[in-house]
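Chemist: For the sequence shown, UniProt numbering gives the first residue as 1, with consecutive numbering after it.
From the three backbone atoms N, C-alpha and C, an ideal C-beta is built for every residue, glycine too.
Note that the structure is predicted; figures quoted are calculated from it, not measured.
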Amino acid sequence: MKADVDAVNDLGGTPLHSAVEMENYDMIQLLLDYRADPLIEDVMCCHAFAHASPDLIRAFRKRLPREILPTEDDDDEPWEVDLADLEYGPMLGSGAAADVFRGTWREADVAIKNITWAKARETEEKVAEFKRELDILVNLRHPNLMLFMGAFTKSRPLRLVTELCDGGALSSILYNRPDIEMTWQQKRKICFDTAKGIYYLHTNHPLIIHRDLKSQNLLLAHPFKGPM
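1. Does the beta-carbon of Gly-95 have 16 or more other beta-carbons within 10 angstroms, so that it is buried, or is it exposed?
2. Going by DSSP, which residues form a beta bridge with Trp-105?
3. How long is the line joining the alpha carbons of Asp-193 and Val-43, rounded to whole angstroms?
4. With distances taken Cα to Cα, identify the nearest neighbour of Leu-32 among Ser-155, Cys-45, Ser-53 and Asp-4.
5. Alpha carbon to alpha carbon, how far is Ile-173 from Thr-14? Give it in angstroms, no decimals.
6. Is the CB-CB distance between Lys-113 and Val-100 below 8 Å?
7. Counting Cβ pairs, one atom from each stretch, are 3 or more of them under 8 Å apart for the stretch 159-168 and the stretch 209-227?
8. Going along the chain, which residues of its own chain have a beta-carbon closer than 7 Å to the beta-carbon of Tyr-34, five neighbours each way excluded?
9. Since I believe Val-20 is in contact with Trp-79 (beta carbons under 8 Å), could you give me their beta-carbon distance rounded to a whole number of angstroms?
10. Apply the 10 Å Cβ neighbour rule to Thr-153 and answer buried if 16 or more other Cβ atoms are within range, or exposed otherwise.
11. Would Ala-97 pass as a contact of Thr-162 if the rule is Cβ separation under 8 Å?
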């Protein structure tokens, strides 16, 4: 039996994507020896080395195609999106710090979050911290976490682009839909899915603590259907 070194998972990632994310130099070397394709892109249109550390890039520079190597003139962050690629649709919600819209990016349905910090609260230090958080988000991959797809930070408002969760917040079902009664199986699945997502964050390197876990921040991938 021959293994496919370029097999892709549900997010379009290959074994090489995983090896680079874990910074497993031996596995990267082995996959490249077996001619793994570093140009294959995942659902975020990122090749395996798109978010690799500078040290890792230097270690394998001679084995990588020229078109995926960073250049001295490439100042954009790996998660920076082109504003021209974003198309806004209807507003999905509004809060103290952001307005959220349905939209499209590269023909994919997405959620676009416009950060609405008051100017008095926005400082260079706060924006720098925001960008550091993006560097962490771009490497998170888990079926129970909303997929971060990119951001626009070159002008205001700052914008986040994420997977679109059509079901909305769990809170809207719990508090605004008295006509829907969840079964125990549905409640258990929501709890298990939440726990799996939190466990992934708590065992991530670096460790990530959510700090604001509540039903308003638990999003349903699809519109909720109560028991028949």
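Modeler: On the basis of the data shown:
1. exposed
2. Leu-86 and Ala-108
3. 22 Å
4. Asp-4
5. 37 Å
6. yes
7. yes
8. Val-5
9. Not confirmed; about 16 Å, so no contact.
10. buried
11. no
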